[in-house]
Amino acid sequence: MSLLSLRGVDVSIGQYSVLHGVTFDVPEGGVFVLLGRNGAGKTTTLRSIMGLWKPQSGQVMFRGENIAGLHASGIARKGIAFVPENMGIFGGLTVAENMVLATARGKFDDARLTRIYELFPALEQFWDKQAWSLSGGQKQMLAVARAIIEPRDLILIDEPTKGLAPSIIAAMGEAFREISANTTILLVEQNFAFAKSLGREMAVIEDGQVVHRGSMADFVADQALQDRLLSLSAEGA
Amino acid sequence: MGKLDRFGGVFLLPLIIAAVAFVLIGAPSSWLTLTIAGLSMGMMIFLMASGLSLVFGLMDVLNFGHSAFVSFGAFIAASVLAYFGGWLTSGNIALNILAFTLALAAAITFGAAAGWFFERVIVKPVYRDHLRQILITMGALIVAEQLILAVWGGSPINVPRPHFLEGTLIIGQSSLEIYRLFAFVLGAVVYAALYILLNRTRMGLLIRAGVENREMVEALGFRIDRIFIVVFMLGSALASLGGAMWAGYETIITPALGAQMMVIVFIVVIIGGLGSIQGTLLGALIVALMQNYVGFLAPKLALASNMLLMMAILLWRPSGLAPAVK
Numbered sequence: 001m002s003l004l005s006l007r008g009v010d011v012s013i014g015q016y017s018v019l020h021g022v023t024f025d026v027p028e029g030g031v032f033v034l035l036g037r038n039g040a041g042k043t044t045t046l047r048s049i050m051g052l053w054k055p056q057s058g059q060v061m062f063r064g065e066n067i068a069g070l071h072a073s074g075i076a077r078k079g080i081a082f083v084p085e086n087m088g089i090f091g092g093l094t095v096a097e098n099m100v101l102a103t104a105r106g107k108f109d110d111a112r113l114t115r116i117y118e119l120f121p122a123l124e125q126f127w128d129k130q131a132w133s134l135s136g137g138q139k140q141m142l143a144v145a146r147a148i149i150e151p152r153d154l155i156l157i158d159e160p161t162k163g164l165a166p167s168i169i170a171a172m173g174e175a176f177r178e179i180s181a182n183t184t185i186l187l188v189e190q191n192f193a194f195a196k197s198l199g200r201e202m203a204v205i206e207d208g209q210v211v212h213r214g215s216m217a218d219f220v221a222d223q224a225l226q227d228r229l230l231s232l233s234a235e236g237a
Numbered sequence: 001m002g003k004l005d006r007f008g009g010v011f012l013l014p015l016i017i018a019a020v021a022f023v024l025i026g027a028p029s030s031w032l033t034l035t036i037a038g039l040s041m042g043m044m045i046f047l048m049a050s051g052l053s054l055v056f057g058l059m060d061v062l063n064f065g066h067s068a069f070v071s072f073g074a075f076i077a078a079s080v081l082a083y084f085g086g087w088l089t090s091g092n093i094a095l096n097i098l099a100f101t102l103a104l105a106a107a108i109t110f111g112a113a114a115g116w117f118f119e120r121v122i123v124k125p126v127y128r129d130h131l132r133q134i135l136i137t138m139g140a141l142i143v144a145e146q147l148i149l150a151v152w153g154g155s156p157i158n159v160p161r162p163h164f165l166e167g168t169l170i171i172g173q174s175s176l177e178i179y180r181l182f183a184f185v186l187g188a189v190v191y192a193a194l195y196i197l198l199n200r201t202r203m204g205l206l207i208r209a210g211v212e213n214r215e216m217v218e219a220l221g222f223r224i225d226r227i228f229i230v231v232f233m234l235g236s237a238l239a240s241l242g243g244a245m246w247a248g249y250e251t252i253i254t255p256a257l258g259a260q261m262m263v264i265v266f267i268v269v270i271i272g273g274l275g276s277i278q279g280t281l282l283g284a285l286i287v288a289l290m291q292n293y294v295g296f297l298a299p300k301l302a303l304a305s306n307m308l309l310m311m312a313i314l315l316w317r318p319s320g321l322a323p324a325v326k
């Protein structure tokens, strides 16, 4: 059974219909990549899974339970974390306060915190600094660290490499590889080179519909398919 | 401002204003009296405005009905004080304190309960719709004023002060009203409590995070709507406490009190910056000090001075002096 299954999900924002019957399955473990051009509906898909936008119809099955229409806080408590495109960092709070908010009871699991320090040493260094003072890469590290400070089954990550330096992107890739050993990641990404280095399974969204599903290896091998589906966004390939 | 930031930045402004006023006024005793009056007035305005700032910042709600809580706080406290009139005038300080505490507690309790009702019935249906918020909360303010007229009548009401807060303290050639000193201390205690709540508790952390990014707080697993109710009740209770203290300060109140205070409370919140308790305190102290100093130096300019102050600060810092980080 898949960890997450979307079945015919329709989402409208205001008077605009954004997703039309989105259907795909995310297997448990590893990184599942959602690709597509700008405005295709990738972010809307993640936000709809997280409960930040309510689907008008369709099902979002998580571990066999339909979570479509649940409050975002309830979905988070079921073990789904969200790293939005803008990172969602609380700039006026310190790094420590940002992290403590992501814990269930306001206390850290020492082992998990140590692992986070190993993955992102900068966070330990800036632990008591206000988050607005961090660099873009450090903010992204904080956003990911917040998502893994508690055990999660699924992490939704929206364009984590946007605007980051190549060295930071490489470090982020290493971190995602390690995290995905225990936690499933649903990654929305425009940087195809980054996406293909991590993804095992993938789907492509176009105009609010899934137009391709399959393994990343097959997709990487089919240049014609890439050109057709990602012609405007595969510059990083 | 870079170098100034190292010494406190915008939080030095009340000191700078006081220093300039000291030079312009010339007489140290008058300056001290005006300064204490300004500080105590500022603390009472802070009580009224802090809730509005949090509600504005956290909930993005333009609550023009906020001053209704100020009015109700004032009238309820006045009624309780009148009921216990005998205790207030007795020489027994314990009875004095008890009557005054009961008056403040009644105002706070009513404010919190009315805040809960206001949020559930009036504000909740119009979240994310500023135009309707303005219309419905202004409507609620008018209804509240009419209710006050119906219950307490339209005539000015005398507010008795407890015996232990009557009189003045003479320091050198300056006379300092004990009630004003008490208002200052009470405001400082409330500020300290709010500071601890916001900076040392998990609820405070959630409120500060919610001011910045409500959606992300929800995505972390928290019901922001429940935090909203708590903040709204807290803000309303503080407004009522501010109203109760203001009633004792003015000693005569009318049903127009809320509408009169609304202008000054909005100026304070805008000057201070939305969603920030420190900003609200700063704004309240600056506005009150300016009003007292200008009222002494150029009485006809007292109200205009605050409007000019607001314009100058907004031109300098469009988000206010110390807004919450967004």
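These protein sequence lines are chains A and B, in that order.
Just so we're aligned: 163 in this note's numbering is position 163 of the first sequence, and the numbers increase by one with no gaps anywhere.
Just so we're aligned: 156 in this note's numbering is position 156 of the second sequence, and the numbers increase by one with no gaps anywhere.
Using N, Cα and C, we set each Cβ at its ideal position, and we do this for glycine too.
1. Is it buried or exposed, THR109 (chain B), if we count other Cβ atoms within 10 angstroms and call 16 or more buried?
2. Under 8 Å between the Cβ atoms of LYS42 (chain A) and GLY36 (chain A)?
3. My guess is that ILE122 (chain B) and THR137 (chain B) are in contact by the Cβ rule of under 8 Å, so how many angstroms apart are they, rounded?
4. Can you give, in chain order, each stretch of the alpha helix (DSSP H) that sits fully within the segment 141-168 of chain B and has at least 4 residues?
5. Following the continuous alpha helix (DSSP H) through GLN125 (chain A), name the residue where it begins and the one where it ends.
6. Taking beta-carbon pairs under 7 Å, can you tell me which members of the segment 101-132 of chain A lie near chain B?
7. Under 8 Å between beta-carbons, which chain B residues line up against GLY88 (chain A)? List them in chain order, please.
8. Go through its chain and collect everything with a Cβ distance to VAL55 (chain B)'s Cβ below 8 Å, but skip five positions before and after it.
9. TRP87 (chain B): buried (16+ other C-beta within 10 angstroms of its C-beta) or exposed?
10. Drop a sphere of 10 angstroms on the beta-carbon of ILE67 (chain A), count the other beta-carbons inside from all chains shown, and report buried for 16 or more, exposed for fewer.
11. Pick helix, strand or coil for LEU34 (chain A), following the three-state DSSP scheme.
12. Going straight from the alpha carbon of PRO14 (chain B) to that of GLY172 (chain B), what length do you get?
13. Compare the Cα-Cα distances from SER180 (chain A) to each of A:VAL144, A:GLY208, A:VAL211, A:GLN209 and report the closest residue.
14. Using 8 Å as the limit for Cβ to Cβ distance, is LEU12 (chain B) near chain A?
15. So, does the CB of SER73 (chain A) fall closer than 8 Å to a CB anywhere in chain B?
16. Can you give me, in chain order, the residues of the segment 40-64 of chain A that have a beta carbon less than 7 Å from any beta carbon in chain B?
17. Should MET290 (chain B) be labelled buried (16 or more other beta-carbon atoms within 10 Å of its own) or exposed?
18. Over what stretch of residues does the alpha helix (DSSP H) that includes VAL22 (chain A) continue unbroken?
19. Helix or strand or just coil, what does DSSP make of ILE13 (chain A)?
20. Can you tell me which of A:ALA96, A:ILE155, A:ALA217, A:ILE185 puts its alpha carbon nearest to the alpha carbon of ARG77 (chain A)?
21. Exposed or buried, which one is LYS139 (chain A) when buried takes at least 16 other CB atoms within 10 Å?
22. Please list, in chain order, all residues of the same chain as GLU178 (chain A) whose beta carbon is under 7 Å from its beta carbon, the five residues on each side excluded.
23. Apart from the five residues just before and just after LEU285 (chain B), which ones in its own chain have a Cβ nearer than 6 Å to its Cβ?
24. 8 Å is my cut-off, CB to CB: does ARG152 (chain A) come that close to chain B?
25. PHE90 (chain A) and ALA131 (chain A) - do their beta-carbons sit closer together than 8 Å?
26. For the segment 264-282 of chain B and the segment 89-105 of chain B, state whether three or more C-beta atom pairs, one from each stretch, are separated by less than 8 Å.
27. For the pair the segment 240-258 of chain B and the segment 65-81 of chain B, tell me if three or more CB-CB distances fall below 8 Å.
28. Kindly indicate the opening and closing residues of the beta strand (DSSP E) around ARG213 (chain A).
29. Of all the CB atoms in chain A, is at least one closer than 8 Å to the CB of ARG132 (chain B)?
30. Which residue or residues does DSSP assign as beta-bridge partners of ASP158 (chain A)?
31. Taking a contact to mean a Cβ-Cβ separation below 8 Å, would you say LEU81 (chain B) touches PRO160 (chain B) in this structure?
32. Tell me whether GLN56 (chain A) sits in a helix, a strand or coil according to DSSP, three-state version.
33. Please classify ALA312 (chain B) as buried or exposed, where buried requires at least 16 neighbouring CB atoms within 10 angstroms.
34. In the DSSP assignment, what residue or residues form a beta bridge with ASN66 (chain A)?
35. DSSP has ALA81 (chain A) in a bridge; who is on the other side?
36. If you reduce the DSSP assignment to three classes, tell me which class PHE130 (chain A) lands in.
Reading it off the structure:
1. Exposed is the call here.
2. For LYS42 (chain A) and GLY36 (chain A), yes; Cβs fall inside 8 Å.
3. About 7 Å separates the two Cβ atoms, so the contact holds.
4. If we require 4 residues or more, the segment 141-168 of chain B turns out to have no alpha helix (DSSP H) run fully inside it.
5. Note, GLN125 (chain A): alpha helix (DSSP H), 121-125.
6. Residues of the segment 101-132 of chain A whose Cβ lies closer than 7 Å to any Cβ of chain B, in chain order: LEU101, ALA102, GLY106, TRP132.
7. The answer, in chain order, is ASN213, GLU215, MET216, ALA219.
8. If we look at VAL55 (chain B) and ignore the five residues flanking it on each side, its Cβ neighbours are VAL61, ASN63, HIS66, VAL231, PHE232, GLY235.
9. It is buried - the Cβ of TRP87 (chain B) has at least 16 other Cβ atoms within 10 Å.
10. ILE67 (chain A) counts as buried, since no fewer than 16 other beta carbons sit within 10 angstroms of its beta carbon.
11. Correct three-state label for LEU34 (chain A): strand.
12. Each residue's alpha carbon lies about 23 Å from the other.
13. Ranked by how close their Cα comes to the Cα of SER180 (chain A), the residues A:VAL144, A:GLY208, A:VAL211, A:GLN209 have A:VAL144 in first place.
14. LEU12 (chain B) is outside the set of residues whose beta carbon lies under 8 Å from a beta carbon in chain A.
15. Interface residue, yes.
16. Cβ contacts with chain B: MET50, LEU52.
17. Label assigned to MET290 (chain B): buried.
18. For VAL22 (chain A), there is no enclosing alpha helix (DSSP H); the enclosing beta strand (DSSP E) has its first and last residue at 16-26.
19. The answer is strand: DSSP assigns ILE13 (chain A) an E or B state.
20. Nearest of A:ALA96, A:ILE155, A:ALA217, A:ILE185 to ARG77 (chain A), Cα basis: A:ILE155.
21. Label assigned to LYS139 (chain A): buried.
22. The answer, listed in chain order, is LEU119.
23. Cβ neighbours of LEU285 (chain B) within its own chain (closer than 6 Å, five residues either side excluded): PRO14, GLY42.
24. For ARG152 (chain A), the answer is no, since every Cβ of chain B falls outside 8 Å of its Cβ.
25. Yes, the Cβ-Cβ distance between ALA131 (chain A) and PHE90 (chain A) is below 8 Å.
26. The segment 264-282 of chain B vs the segment 89-105 of chain B: no contact.
27. By the Cβ test, the segment 240-258 of chain B is in contact with the segment 65-81 of chain B, since at least three Cβ pairs between them sit closer than 8 Å.
28. ARG213 (chain A) -> beta strand (DSSP E) spans 209-215.
29. The beta carbon of ARG132 (chain B) sits no closer than 8 Å to any beta carbon of chain A.
30. Residue pairing of ASP158 (chain A) in beta bridges, as defined by DSSP: A:VAL188.
31. Cβ atoms of LEU81 (chain B) and PRO160 (chain B): closer than 8 Å.
32. Coil, per DSSP.
33. The residue is exposed, with fewer than 16 neighbouring Cβ atoms inside 10 Å.
34. Bridge pairing for ASN66 (chain A): A:MET61 [DSSP].
35. DSSP, once it has assigned bridges, lists A:ILE155 as partnering ALA81 (chain A).
36. Reading off the sequence, residue 130 (chain A) comes out as Gln, not Phe. Of the three classes helix, strand and coil, the one that applies to GLN130 (chain A) here is strand, per DSSP.
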